[in-house]
Every structure is written in C-alpha cells, then in structure tokens.
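Enquirer: Structure in structure tokens, see below.
Number of protein chains: 4
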Amino acid sequence: MNTFILLFQCRDQKGIVARVSEFILKHQGNIITADQYSTDPDAGYFVMRVEFNAEQASKATLDIDFVPVAKQFGADWHIYDKAETLRMGILVSDQGHCLADILYLWGSGELKADIPFVLSNCSKHEKLVKQYNLPFYYLPADKDNRREEEILARAVKETDFLVLARYMLVFSGDFLRKYSKDIINIHHGFLPSFKGADPYGKALEEGVKVIGATAHFVNEKLDEGPIIAQEVESVSHKDNRDDLVRKGRNLEKKALANALFSYLDHRIIRHGNKTIVF
Amino acid sequence: MNTFILLFQCRDQKGIVARVSEFILKHQGNIITADQYSTDPDAGYFVMRVEFNAEQASKATLDIDFVPVAKQFGADWHIYDKAETLRMGILVSDQGHCLADILYLWGSGELKADIPFVLSNCSKHEKLVKQYNLPFYYLPADKDNRREEEILARAVKETDFLVLARYMLVFSGDFLRKYSKDIINIHHGFLPSFKGADPYGKALEEGVKVIGATAHFVNEKLDEGPIIAQEVESVSHKDNRDDLVRKGRNLEKKALANALFSYLDHRIIRHGNKTIVF
Amino acid sequence: MNTFILLFQCRDQKGIVARVSEFILKHQGNIITADQYSTDPDAGYFVMRVEFNAEQASKATLDIDFVPVAKQFGADWHIYDKAETLRMGILVSDQGHCLADILYLWGSGELKADIPFVLSNCSKHEKLVKQYNLPFYYLPADKDNRREEEILARAVKETDFLVLARYMLVFSGDFLRKYSKDIINIHHGFLPSFKGADPYGKALEEGVKVIGATAHFVNEKLDEGPIIAQEVESVSHKDNRDDLVRKGRNLEKKALANALFSYLDHRIIRHGNKTIVF
Amino acid sequence: MNTFILLFQCRDQKGIVARVSEFILKHQGNIITADQYSTDPDAGYFVMRVEFNAEQASKATLDIDFVPVAKQFGADWHIYDKAETLRMGILVSDQGHCLADILYLWGSGELKADIPFVLSNCSKHEKLVKQYNLPFYYLPADKDNRREEEILARAVKETDFLVLARYMLVFSGDFLRKYSKDIINIHHGFLPSFKGADPYGKALEEGVKVIGATAHFVNEKLDEGPIIAQEVESVSHKDNRDDLVRKGRNLEKKALANALFSYLDHRIIRHGNKTIVF
Chain A
0 MNTFILLFQC RDQKGIVARV SEFILKHQGN IITADQYSTD PDAGYFVMRV EFNAEQASKA
60 TLDIDFVPVA KQFGADWHIY DKAETLRMGI LVSDQGHCLA DILYLWGSGE LKADIPFVLS
120 NCSKHEKLVK QYNLPFYYLP ADKDNRREEE ILARAVKETD FLVLARYMLV FSGDFLRKYS
180 KDIINIHHGF LPSFKGADPY GKALEEGVKV IGATAHFVNE KLDEGPIIAQ EVESVSHKDN
240 RDDLVRKGRN LEKKALANAL FSYLDHRIIR HGNKTIVF
Chain B
0 MNTFILLFQC RDQKGIVARV SEFILKHQGN IITADQYSTD PDAGYFVMRV EFNAEQASKA
60 TLDIDFVPVA KQFGADWHIY DKAETLRMGI LVSDQGHCLA DILYLWGSGE LKADIPFVLS
120 NCSKHEKLVK QYNLPFYYLP ADKDNRREEE ILARAVKETD FLVLARYMLV FSGDFLRKYS
180 KDIINIHHGF LPSFKGADPY GKALEEGVKV IGATAHFVNE KLDEGPIIAQ EVESVSHKDN
240 RDDLVRKGRN LEKKALANAL FSYLDHRIIR HGNKTIVF
Chain C
0 MNTFILLFQC RDQKGIVARV SEFILKHQGN IITADQYSTD PDAGYFVMRV EFNAEQASKA
60 TLDIDFVPVA KQFGADWHIY DKAETLRMGI LVSDQGHCLA DILYLWGSGE LKADIPFVLS
120 NCSKHEKLVK QYNLPFYYLP ADKDNRREEE ILARAVKETD FLVLARYMLV FSGDFLRKYS
180 KDIINIHHGF LPSFKGADPY GKALEEGVKV IGATAHFVNE KLDEGPIIAQ EVESVSHKDN
240 RDDLVRKGRN LEKKALANAL FSYLDHRIIR HGNKTIVF
Chain D
0 MNTFILLFQC RDQKGIVARV SEFILKHQGN IITADQYSTD PDAGYFVMRV EFNAEQASKA
60 TLDIDFVPVA KQFGADWHIY DKAETLRMGI LVSDQGHCLA DILYLWGSGE LKADIPFVLS
120 NCSKHEKLVK QYNLPFYYLP ADKDNRREEE ILARAVKETD FLVLARYMLV FSGDFLRKYS
180 KDIINIHHGF LPSFKGADPY GKALEEGVKV IGATAHFVNE KLDEGPIIAQ EVESVSHKDN
240 RDDLVRKGRN LEKKALANAL FSYLDHRIIR HGNKTIVF
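Pasting the structure below:
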C-alpha cells in the first residue's frame with residue numbers, strides 16, 4: 000500500500016483544505032487521517048497533517064505535482080513516503096538508560112528507523128550496541144575537545160536526524176549550522192525549570208512535588224529549543240536524590256520515546272519556538 | 000462571526016474531504032480546525048469534525064445545501080451553529096458536588112449551555128440552584144415510583160439533552176425510548192470495573208491502587224453505555240472509604256465537566272458502543 | 000474519642016521513637032498512624048507525625064508532660080487536639096473558582112475548619128459567601144493601597160492561618176511579620192517555572208506540553224515559599240489561552256484543596272524552605 | 000552500616016510502637032524511617048515497617064531477641080538485613096519488554112537482587128540474558144505440558160521469589176503449594192477489569208479512555224491475587240490495537256519495576272487479599 004504523509008503550513012486563508020484534498024483525490028488517494036488546525040484566528044497561521052493512501056502515486060510525482068498547490072498558498076511543506084525510514088544517528092554519554100530503551104524498541108520493530116550508528120564518549124555502551132549488530136563509534140570527546148568535526152563527518156552523510164540520548168556535551172552554533180538537520184535532545188528536567196546541569200539536584204533543593212523530563216529540538220540556546228514531549232511524576236519528601244534520578248529515568252525514556260515515535264511518524268510541525276504534535 | 004461545526008460519519012470512501020471542503024469553500028467558509036479519522040483501514044469507517052467560519056452562510060442554507068453531499072456518501076451528519084446553545088436539563092440526587100461544579104462553570108461563563116431546570120429527588124439543592132436564578136423542581140422519586148412520566152413531560156419539551164449529575168435512579172427502557180435524546184451520566188467507578196452500586200466499597204475490597212470515574216452516554220444496560228471521559232487517581236492503603244469518596248468526587252467532577260465541554264462543543268461522535276472524542 | 004496529633008522535628012539521634020511512644024503509652028494512648036522519617040542520614044534531621052487516641056488525656060496535660068521529652072532532644076513540636084478546628088481566613092480577588100470550591104467542601108463537611116470571614120477586593124463574591132452564612136468583607140484594596148493594617152486588624156485576632164485563594168495583591172514583609180502565622184497561597188503556575196504574573200501566558204509562549212499549579216506557604220520572596228502541593232495536566236497545541244486557564248483552574252482547585260486538607264489534618268512540617276507532607 | 004528492616008503485623012493494641020522502639024534502642028539502633036498504620040479503627044489491625052541502623056547488631060541476634068516482643072502482641076513479623084539480597088527467578092514467554100527492563104535496571108545496579116536464572120518457553124531471549132552473564136534455561140512448556148516439576152526443581156532451591164515477566168502459562172494450585180514462596184505477576188490490564196487473555200482487545204472493544212497494567216501476587220485464582228502496583232495512561236479513538244499494546248508495554252514495565260523495587264526493599268505487607276505498600 001502506498002501511504003504518504005503531507006505536512007503543510009502557511010498563513011491562514013480560504014480554500015486550503017479543498018485544494019489539498021482535491022489534489023489527493025486527483026491522484027486517486029484516500030485520506031486515512033487528517034488534522035487541520037488554525038492558530039488563534041487573529042494570529043492566522045494554518046498547519047495540517049494528512050496521511051493518505053494512493054496506490055498509483057509515487058513520492059516523486061506527488062512532489063512535482065504539489066508545487067503549484069503550495070505556491071498558491073505560499074506554504075512550507077513536505078511529503079513523506081511512509082515506506083521510507085529515516086536514518087537516526089544516536090549520541091550518548093555515560094547514562095545508558097535511554098539508549099537501551101531506544102534500542103529495545105527498535106529491535107522489537109516498534110521504532111521504525113534506520114540506525115546508522117551509535118556514537119559515544121563512553122566506551123562501555125559498545126557491548127549493548129553490538130548485541131543489536133549496530134555500528135558503535137567510541138569518540139572520547141569532552142568539554143575541552145568536543146571533536147565536532149569528526150562527528151559532523153559521519154552525521155552529515157549518514158543521518159537524517161540526530162538523537163541526543165543523554166549526550167552531555169553542548170554543541171556549538173557552528174556545529175548546528177553545519178549539520179542543519181533536526182537534533183532531538185532529552186533533558187532530565189521539567190523545562191523551562193531547571194535548565195542546564197543537575198536538574199534533579201535543583202528539584203530537590205526547591206522541594207518540588209512533581210518532577211519531569213523534556214524532549215525538545217536543539218537550537219543555539221541551551222535547553223531552550225522547541226519542546227516536543229514532557230512527562231511528569233509525583234515525588235515526596237521520602238524521595239532522596241537517588242529516587243529522583245531513578246523516577247526521572249523512567250520519565251526521560253518515556254518522553255524521548257514518545258518524541259521519536261511522533262517524529263518518525265511525521266507528526267511534528269515546528270513553528271517558531273513551538274511544536275505542533277498531531 | 001458565523002461559526003459552524005459539521006459532524007459527519009459514513010463508510011470510508013475516496014473523495015470525502017475534497018467534497019466537504021469544496022462545499023465549505025463554495026459557501027465562502029474558512030476551516031478553523033478539522034479532524035478526520037478513518038477507523039482501522041480494514042473496518043473502513045470514516046468520521047470527521049470540521050469547524051468553520053462562513054460569514055455569509057446560515058445554518059438553514061447549509062442544512063439544505065449539504066443534503067446532496069451527505070447523500071453521495073451515505074453519511075450521518077449534523078451541522079451546528081456555534082452561536083446556538085444547547086438546552087441541558089440536570090438531574091441530581093443526594094450528592095451535590097457535580098451539580099455545584101457544573102453550576103459554577105456555567106455561572107462563570109465557561110460552560111456554554113442553557114439550563115432549563117435542575118430536577119432532584121432531594122429538596123436540599125434548592126438553595127444552591129436558586130442562587131443561580133435557575134428553576135428547581137423537587138420531585139421525590141424513588142425506586143418504587145420513579146415518576147418517569149413527570150420527568151419526561153418536562154424533559155422532552157424543554158431540553159436537548161439530560162445530565163445525570165449523580166442521579167441515583169435507573170431509567171427504564173421505556174423512558175429512554177420516549178426521551179430519545181442523549182443522556183450523559185457520571186458513574187463513580189472506573190468502568191467496566193465496578194458497575195452498579197457502591198463502586199468505592201468494591202474498589203476498597205479489591206485493594207486497587209488506582210480509582211476512577213467515568214462519564215458515559217446512558218443506554219438500556221446499566222453503566223454500559225458508550226464511555227466519553229475517564230479520570231483516574233492513585234490511592235494507597237492509607238485511604239479509607241471516606242478518602243476514596245473524597246478523591247473520587249474530584250474525579251467525578253472532572254470527568255463529567257470534560258464530557259460536557261466536549262458535548263457542548265460538538266466534539267463527540269457516537270459509533271456503535273464507542274465514542275470518538277475529537 | 001480523644002484523638003491527638005503530634006508534630007515533632009529535631010536533629011536525628013537515638014531513642015526518639017522509643018521515648019515518644021513511651022510517653023504516649025504512659026497516657027494510655029494508642030497510636031493510630033505514625034510516620035517517622037530521617038532526612039538524608041548525613042544531614043541527620045528527624046521529623047515525625049503521630050496520631051493517637053488517649054481517652055483519659057487532655058491537650059493541656061499532654062502539653063505540659065511533653066516538655067521534658069522535647070527538651071531531651073531539642074525538638075520543635077506541637078500537639079493538636081483533633082477535635083479543635085482551626086480558624087481559616089480566606090482572601091480572594093477577582094477569580095472565584097478556588098473560593099467556590101473551598102466553600103463547597105466546607106459546606107459539605109469535608110473541609111473541617113472554622114471560617115471567620117472571606118475578605119475580597121471584589122464585591123461580587125458576596126452573594127456566594129452569604130449563601131453559606133459566612134461574614135464577607137469587601138475591602139477595595141489595590142496596588143496603591145493594600146490596606147494591610149485593616150486586614151491585619153481582623154486576621155491577627157480572628158484567624159489561625161490565612162488562605163490566599165487567588166488573592167492577587169502581594170503582602171509586604173511588614174505584613175508577614177505582624178501576622179506571623181501561616182499563609183497558604185495558590186499560584187497558577189508550575190513553580191519554580193512561571194513565577195509572578197500571567198503564568199498561563201508564559202506557558203503558552205514557551206510551548207510547554209504540561210501545565211501546573213502550586214500551593215505553597217507565603218514568605219517574603221514572591222512565589223518562592225515552601226511548596227506544599229502541585230498538580231499537573233497535559234496540554235497540546237490545540238489548547239489556546241482560554242483552554243489553559245480553564246484546565247489550570249481545575250489544577251488550582253485541586254492543589255489548594257489538597258494543601259488545605261493536609262494542613263487542617265496537621266500533616267505538614269516545614270523544614271527550611273521545604274515541606275514534609277505526611 | 001548494619002541496616003535492618005522490620006515488617007510487623009498484628010491485631011491492634013496499645014504499646015506496640017513503644018515496645019518495638021524500645022527493642023531497637025536496646026540494640027543501640029537508630030530508626031531511619033518508620034511507618035505505622037492502624038486499619039480502620041473498628042477493624043483494628045496494625046501494620047508497621049521500621050528501617051533502622053544498628054551497628055553492633057546481627058540479624059541472628061535480633062531474630063532471637065525479637066521473639067518475646069512478637070509473642071506479646073501475637074504478631075507476624077520478619078526482620079531483614081538490608082545487606083542480604085533476595086534471589087529472584089524470572090520466567091518469561093514471548094514478550095520480552097519487561098525482561099529487558101528488569102535486566103537493564105539490574106545491570107545498572109538499581110534493582111538490587113540476585114538473579115539465579117531466567118527461564119523461558121521461548122528460546123529467543125537467550126542472547127539478551129547471556130549478555131548479562133546470567134543463566135538462561137529454555138524449557139518449551141506449553142498449555143498441554145506446563146513442565147511444572149522441572150521448574151519447581153530449580154525454583155524451590157535457587158530462588159526466594161519468582162517474577163512472571165509476561166509468562167503466559169498459568170500455574171496449577173499444586174505448583175503454588177509446592178513452591179510456597181511469593182510469585183509476582185504482571186498483568187497487561189487494569190484489574191479487576193479485563194482478567195485473563197487479550198486485555199487490550201477487550202479494552203478496545205469497551206472503548207475505555209484509560210488503560211492500565213497491574214502487578215500482583217499470584218494466588219490460585221487467575222489474576223485475582225493481591226494487587227501491588229497499577230499504572231494507567233489515557234488513550235483515545237486514534238489508538239488502535241498496536242498503539243494500546245505499545246502504550247501498555249510502558250505501563251507493564253513501570254508497574255512491574257515499581258512492584259519489584261517495593262518488594263526488594265521490603266516495603267510490602269500482605270494482609271488478606273490486599274497489600275500495604277509503604
């Protein structure tokens with residue numbers, strides 16, 4: 000079955016859905032699910048995700064034919080072929096719980112992606128990664144030498160996006176510009192609270208009764224990129240630092256996995272510093 | 000601003016969205032938000048909610064013009080004018096927490112409905128209801144005399160739907176057929192567990208670690224109508240019966256309020272014994 | 000049944016529980032529930048709550064007899080007679096949802112407190128308050144004239160603690176010192192994020208996927224007092240400002256009610272800038 | 000540091016805490032954390048968990064010295080040495096997500112237990128288990144031949160308790176009696192709803208808006224043993240069977256891990272068909 004996903008955004012105006020659905024119909028497509036949403040009517044911005052079957056169509060043809068439609072509305076858009084999997088490069092430092100979760104979901108067929116490599120500045124994850132027959136690159140980067148060029152050399156060529164599954168080095172603006180594709184990070188705190196280092200320590204100090212974890216796109220400001228998914232859980236005075244870390248790991252795994260499921264299923268539209276997650 | 004909501008359901012087939020959006024465009028409408036969803040591709044059932052502005056249109060015209068569209072697809076459908084509020088009759092027995100919550104939300108303008116009356120088999124709620132300048136009818140119905148004809152006399156004429164805000168008498172099939180419109184009930188248990196009387200007692204006996212409340216449409220089987228909303232909360236061995244009841248009241252208020260918000264905003268489609276809540 | 004609650008805190012040391020339970024036994028008391036908790040063994044701070052029946056005992060006797068026990072350990076402590084209700088003064092500004100919730104819980108007997116008055120800088124709440132036969136004082140305070148002396152005149156004399164049920168004026172340090180008893184505030188944001196004004200606007204701007212509300216003790220720093228209870232709920236791009244406000248109101252009501260239940264049941268110990276909520 | 004945990008239950012009566020804490024003091028112990036709880040005063044049942052340091056004490060001495068204390072109150076009790084880890088045998092069938100989660104938590108040092116073996120009627124888990132250098136036994140049991148004697152031969156000798164981490168064969172009453180120690184099962188449904196096979200299919204059919212998973216002790220009635228932990232998550236009409244299964248796996252992992260953390264930390268008291276989880 001040829002299934003395609005259209006992500007589409009533009010200034011709000013009349014006739015968008017009619018024009019797009021007519022386009023799909025012209026290609027003998029059948030809409031499986033569609034969401035359209037117009038931001039605050041005054042702001043006037045329109046976002047749409049349409050998933051449709053079109054047995055006769057190919058992504059190449061659709062891409063060409065859609066150009067005039069998008070032009071009419073001045074839209075940003077992308078058509079994805081559901082059969083094409085994205086290439087997801089994974090970076091990880093000392094903490095391996097998110098990595099283990101992602102690999103298990105991938106190994107069991109739930110997370111549909113290609114994983115060209117796992118790269119780490121800790122060698123200890125090699126055994127786990129090898130078990131899944133995936134390439135593992137040990138690159139002892141640290142604060143003084145982030146070795147960004149070496150990472151870029153692989154990432155630019157081999158990946159469609161990167162996942163920072165508790166990778167603890169911050170990339171430079173230069174790296175982000177050169178890579179230029181999406182990077183998804185998991186932060187072990189409930190953003191916008193507790194940015195930067197040791198969020199659980201800060202949570203403990205503040206005496207919060209709920210902790211959280213946040214999956215977000217990376218931009219040039221530390222822990223300030225568009226939020227994709229957040230998970231939270233209650234804590235009490237009985238939870239010491241170890242308990243927060245343990246509970247937090249569950250939240251991190253869940254928030255990151257949810258973000259990846261949404262991303263790989265093309266459910267996320269970035270708009271300004273926010274996300275629409277259909 | 001003339002805003003309309005279309006609810007639409009039919010066997011899945013090509014061209015539905017195109018035809019419907021063309022219809023809206025023809026009436027110079029602008030789609031604010033739309034959700035389309037095709038049930039399991041094999042089952043092949045299509046549901047849709049579209050909210051659109053159409054300054055020149057009236058409900059009367061839309062209703063007439065939409066007939067051929069619906070006919071083409073063999074669809075069940077309804078167009079609502081967002082400016083028209085539904086008439087919501089409220090029935091309540093001894094427990095008044097859901098009533099108080101609904102009335103407060105209504106009084107503060109959040110819950111947009113007309114309330115033709117509150118009817119109760121307990122006189123004690125009169126004071127609260129009168130405070131909101133709403134008609135209160137005391138009708139001492141009980142298991143031996145449900146006084147359904149008297150309730151029907153008012154309900155059929157004065158309401159678009161009924162809310163059982165902890166009304167503890169079960170209506171007969173005869174009542175349901177004669178009333179024939181929607182009835183929304185709040186059950187103080189996590190259905191399908193704990194149907195019928197004393198769900199908190201049963202929850203305590205089973206030693207569950209999570210309790211719940213369920214808002215659902217009423218049908219002829221007790222506590223088995225389509226579920227609209229469910230709320231849950233953790234409990235522990237420290238929670239005695241009173242604690243469960245207290246926590247449960249919060250869940251009941253929230254599940255019922257959520258169900259009413261969805262219903263009044265025309266976000267619910269009933270399909271078989273299930274609901275789609277957009 | 001004479002039921003008492005002991006709250007007790009001191010530097011950790013051996014024999015505390017033995018000494019305290021011996022004290023209770025000496026008064027022919029029976030422990031109903033007890034929680035002891037030693038903070039991080041290194042930090043070495045001990046907190047305890049004991050609820051016990053003692054049919055022959057009076058608070059006066061217990062208070063005298065406990066002095067040497069407390070002295071031995073250098074403890075802060077308080078014994079409460081469960082039959083004595085605290086006097087809770089309520090302050091509220093424009094938003095009345097927390098007030099309505101508190102009054103309903105009070106009227107239904109769930110919230111066991113005396114309410115000497117509701118004081119507001121908005122006259123509109125009078126009707127609701129009068130319905131419960133409670134004194135209502137309208138005091139048109141604003142940023143330029145907080146009228147703290149007038150509030151103090153009543154509060155010091157008539158209350159054991161104050162609840163700011165969405166009271167939007169910040170009290171001066173002078174007020175806090177003169178009042179010197181506990182003040183519980185509900186903040187409509189997930190502290191420590193979104194302190195100060197318009198937390199929902201800020202949450203919307205940040206694009207968070209979870210919002211929250213926080214009940215906390217008031218101290219001299221705005222929205223930085225010890226946190227008592229936090230409630231959270233998921234939001235999505237579909238939720239506009241009104242939706243956040245509506246969902247937030249539920250969280251505020253629940254967080255504040257939970258904090259009040261804990262406070263009135265003497266379940267809260269303040270320690271530094273944190274709370275232990277048993 | 001010699002740390003011990005006392006679990007204690009008996010008919011409620013005066014002086015228990017005094018006697019027990021005196022016992023601890025006599026062994027120069029220091030209470031780290033303690034919870035006492037008297038069930039509904041009328042029912043009159045008392046449960047207690049005390050964690051204490053006692054540098055000079057040994058479990059052997061404490062066991063002997065505590066006998067008269069327990070005798071005085073007619074109590075069931077157990078003293079655990081926190082340094083002694085329990086031996087946890089794991090059984091698993093086709094679905095490996097709970098197994099993978101447990102092994103990861105174990106490998107990272109969070110789950111403090113000895114794992115004498117993983118036994119499965121599916122050979123495919125061997126690779127994962129071997130990665131952790133743990134014994135893996137493949138035993139192709141099925142409904143027609145449960146091979147209980149072979150399982151018993153290992154389990155009785157090598158384990159302190161068993162975990163059914165999605166083991167899909169039901170044990171006979173005879174097995175349970177012969178094994179006679181605790182068995183913890185994870186059920187992929189929100190008990191008491193959806194007992195037995197295919198709970199996600201049933202949940203889908205009922206159109207519930209919240210799904211759950213339940214960790215419980217096994218007894219002779221299928222899925223009716225005392226509940227230890229339950230986890231829940233919202234679902235919508237958009238979630239098909241695969242989505243429920245995927246979301247459910249997270250709930251199962253979390254409920255089972257929480258139950259194991261509680262069990263290994265000696266936080267669970269069984270009383271009748273319920274648990275107290277401190």
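Protein chains in written order, with numbering that gives the first Met the number 0: chain A, 0 to 277; chain B, 0 to 277; chain C, 0 to 277; chain D, 0 to 277.
Backbone N, C-alpha and C fix where the C-beta goes; we use that ideal spot for every residue, glycine too.
Ordered along the chain, which non-local residues of its own chain (more than five positions away) have a Cβ less than 8 Å from that of A/Leu168?
Expert: Once the five neighbours on either side are set aside, the close Cβ partners of A/Leu168 are Ser92, Asn120, Ala140, Asp141, Lys142 and Arg145.
Enquirer: Less than 8 Å between the beta carbons of C/Phe116 and C/Leu133, yes or no?
Expert: Yes; because the gap between Cβ atoms is below 8 Å, this pair is in contact.
Enquirer: If I measure Cβ to Cβ from B/Gln8 and keep anything under 8 Å in the same chain, skipping five residues before and after, which residues do I get?
Expert: Contacts found: Tyr44, Phe45, Val46, Met47, Ala74, Asp75, Trp76, Ile268 and His270.
Enquirer: Classify B/Lys126 as buried or exposed, calling it buried when 16 or more other Cβ atoms lie within 10 Å of its own Cβ.
Expert: B/Lys126 is exposed by the Cβ-count criterion.
Enquirer: Kindly indicate which three-state DSSP category C/Tyr44 falls into: helix, strand or coil?
Expert: C/Tyr44: strand per DSSP, three-state reduction.
Enquirer: Based on Cα-Cα distance, which residue from D/Lys81, D/Gly106, D/Thr2 and D/Gly200 lies nearest to A/Lys123?
Expert: Closest option to A/Lys123, Cα to Cα, is D/Gly106.
Enquirer: Going by alpha carbons, who is nearest to C/Lys180 out of C/Asp197, C/Val162, C/Leu138 and C/Thr32?
Expert: Measuring from the Cα of C/Lys180, the nearest candidate turns out to be C/Val162.
Enquirer: Would you please verify whether the beta carbon of D/Thr274 is less than 8 Å from any beta carbon of chain C?
Expert: Output row for D/Thr274: interface = no.
Enquirer: Mind checking A/Thr274: buried by the 16 CB within 10 Å criterion, or exposed?
Expert: A/Thr274 should be labelled buried.
Enquirer: Kindly indicate the opening and closing residues of the alpha helix (DSSP H) around D/Ile101.
Expert: Taken as a continuous stretch (DSSP letters only), the alpha helix (DSSP H) holding D/Ile101 covers His96 to Gly106.
Enquirer: Does B/Ala82 pass the burial test, meaning 16 or more other C-beta atoms within 10 Å, or should it be called exposed?
Expert: So B/Ala82 ends up on the exposed side.
Enquirer: Can you have a look at D/Gly188 and say buried or exposed, based on whether 16 or more other CB atoms are within 10 angstroms of its CB?
Expert: Its Cβ being crowded by 16 or more others within 10 Å, D/Gly188 is buried.
Enquirer: How far does the beta strand (DSSP E) with A/Leu5 in it reach, from first residue to last?
Expert: A/Leu5 -> beta strand (DSSP E) spans Thr2 to Arg10.
Enquirer: Report the option in C/Arg86, C/Gln94 and C/Gln130 whose CA atom is closest to the CA atom of C/Tyr103.
Expert: Per the Cα distances, C/Gln130.
Enquirer: Taking the beta strand (DSSP E) that D/Leu163 belongs to, which residues open and close that run?
Expert: Element bounds for D/Leu163: Phe160 to Leu163.
Enquirer: Closer than 8 Å is the cut-off here; do at least three beta carbon pairs connect the segment 232–244 of chain A with the segment 187–207 of chain C?
Expert: Contact between the segment 232–244 of chain A and the segment 187–207 of chain C is absent, because fewer than three Cβ pairs lie under 8 Å.
Enquirer: So, with DSSP's three-state summary, where would you put B/Gly342?
Expert: Outside the shown range of chain B (0 to 277) lies residue 342 of chain B, about which nothing can therefore be said.
Enquirer: Against B/Glu109, what residues of chain C qualify as contacts under a CB-to-CB distance less than 7 Å, listed in chain order?
Expert: The contacting residues are Arg245.
Enquirer: Between which two residues does the alpha helix (DSSP H) carrying A/Ile150 extend?
Expert: First-last of the alpha helix (DSSP H) with A/Ile150: Glu147 to Glu157.
Enquirer: On the three-pair Cβ rule with 8 Å, is the segment 14–26 of chain C touching the segment 47–66 of chain C?
Expert: Yes: the two stretches touch, three or more of their Cβ pairs being nearer than 8 Å.
Enquirer: Which partner residues does B/Leu283 have in the DSSP bridge list?
Expert: With chain B represented from 0 up to 277, any question about residue 283 of chain B goes unanswered, as that position is not in the structure.
Enquirer: Mind checking which residues open and close the alpha helix (DSSP H) that includes B/Ala74?
Expert: B/Ala74 -> no alpha helix (DSSP H), and no H or E assigned at all.
Enquirer: Quick test of your reading: B/Leu151 and B/Lys177, contact by CB under 8 Å. State the CB separation rounded to the nearest angstrom.
Expert: So it is a contact: roughly 6 Å between Cβ atoms.
Enquirer: CA-CA distance, A/Thr84 and A/Phe3?
Expert: Taking the straight line from one Cα to the other gives about 12 Å.
Enquirer: Looking at the structure shown, is A/Gly211 part of a helix, part of a strand, or coil, going by DSSP?
Expert: The answer is strand: DSSP assigns A/Gly211 an E or B state.
Enquirer: Does DSSP classify D/Ala69 as helix, strand or coil?
Expert: Reduced to three states, the DSSP call for D/Ala69 is helix.
Enquirer: In terms of alpha-carbon separation, which member of C/Lys201, C/Asp173 and C/Ile89 lies closest to C/Asn184?
Expert: Nearest C-alpha to C/Asn184: C/Ile89.
Enquirer: Flag this pair as touching only if the segment 243–250 of chain B and the segment 52–60 of chain B have three or more C-beta atom pairs under 8 Å; answer yes or no.
Expert: Short answer: they don't touch.
Enquirer: How big is the Cα-Cα spacing for C/Gly0 and B/Ala254?
Expert: Per the sequence shown, the amino acid found at residue 0 of chain C is Met instead of Gly. Computed Cα separation, rounded: 37 Å.
Enquirer: I believe C/Met87 touches C/Ala112 by the beta-carbon criterion, under 8 Å. Please report the beta-carbon distance rounded to the nearest angstrom.
Expert: Going by Cβ atoms, the distance from C/Met87 to C/Ala112 rounds to 4 Å, so yes, they are a contact pair.
Enquirer: What residue from C/Phe51, C/Asp241 and C/Tyr79 has the CA that sits closest to C/Asp62's CA?
Expert: Considering only alpha carbons, the answer is C/Tyr79.
Enquirer: At the level of alpha carbons, what is the spacing between C/Leu98 and C/Ala202?
Expert: Going by the C-alpha atoms only, they are around 24 Å apart.
Enquirer: Closer than 7 Å by beta-carbon distance: list the chain B residues that pair up with A/Asn184, in chain order.
Expert: Those do not exist, as A/Asn184 stays about 30 Å from chain B at its closest Cβ, beyond 7 Å.
Enquirer: Based on the DSSP output, what are the partners of C/Arg269 in its beta bridges?
Expert: Answer is C/Thr274, bridged to C/Arg269.
Enquirer: Which ranges does the alpha helix (DSSP H) cover as unbroken runs of at least 4 residues, wholly within the segment 219–274 of chain B, from first to last along the chain?
Expert: For the segment 219–274 of chain B, whole alpha helix (DSSP H) runs of length 4 or above, ordered along the chain, are 240–263.
Enquirer: What does B/Gln130 reach in chain C if we use C-beta pairs closer than 9 Å?
Expert: Near B/Gln130 (Cβ distances below 9 Å), the residues of chain C are Lys126, Leu127 and Gln130.
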